[in-house]
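Residue numbers (our numbering): 63 to 235. Inspection log for the structure reproduced underneath, given as structure tokens.
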Amino acid sequence: MGGSGPDAAARRKRRLTMFLAGVVGALVVIAAVVYFTGGGDGKKAASAPKTPSTSAAVNPDLPAGVKCSGAGCTGKDPENMGCGGQLATTSTSITVGTTLVEVRYSKTCAAAWARITQAVLGDSVQVTAGTAAKQTGTVVNATDAYTPMIAVKDGAEAKACVTLKSGQKGCTK
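This is the structure:
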């Protein structure tokens, strides 16, 4: 019962076949990893074109997180484009009823928008500047709303108007 005979030869042949199949399988897995990760030499990764960020494509001088400036901001959400928060100031404001109406301006983004607070469901606000298209925002589920942006050189160019659900109206300036 040693290691001789036809059964032993068949077992050795089977073990060798299984070993070689394992080696080939491991090589296939390694090759797939190298292929899908771009290899380890950096040549493929270095030659791949870099996709510029939105802000870099518009203006490389914009601060991190700011995605537009000037005309590129018109019609876009000031918060999503990074123009709100500490980059925005209130240019002018009025109170209509209990609703505060503001023109918000971002010098960084060269854009303005209108915002209302202490509003009720159904109140709406618009922002205009010269011949720029009017942008509108409506309170839908809170007590405030704001419009998309319009390009302006200065916040004083923009005018905000509110129409309250009660029918009362008012504008800044």
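Every residue gets a Cβ at the ideal spot worked out from N, C-alpha and C, and that includes glycine. Predicted model, so just to flag it, every value in this text is computed and none were measured.
- Message: For a minimum of 3 consecutive residues, which ranges assigned as the beta strand (DSSP E) are wholly contained in the segment 175 to 216?
- Response: Correct list: 186 to 190 and 197 to 200.
- Query: In chain order, what residues of the same chain lie with their CB nearer than 7 angstroms to the CB of aspartate 139, ignoring the 5 residues before and after it?
  - Reply: Cβ within range, chain order: Pro210.
- Query: Cβ of alanine 181 within 8 angstroms of Cβ of threonine 161?
  - Reply: Yes, the Cβ-Cβ distance between alanine 181 and threonine 161 is below 8 angstroms.
- Query: Measuring CB to CB, does valine 39 end up less than 8 angstroms from lysine 221?
  - Reply: With the chain running from 63 to 235 in the structure shown, residue 39 is simply not present.
- Message: Below 8 angstroms, how does it come out for the segment 144 to 156 and the segment 191 to 207: are there three or more Cβ pairs, yes or no?
- Response: Three or more Cβ pairs closer than 8 angstroms define a contact, and the segment 144 to 156 falls short of that threshold against the segment 191 to 207.
- Message: Please report the distance separating the alpha-carbon of glutamine 148 from that of valine 91.
- Response: Going by the C-alpha atoms only, they are around 51 angstroms apart.
- Backbone secondary structure at valine 91 - three-state DSSP: DSSP places valine 91 in helix when its eight states are reduced to three.
- Kindly indicate which three-state DSSP category cysteine 135 falls into: helix, strand or coil? Helix.
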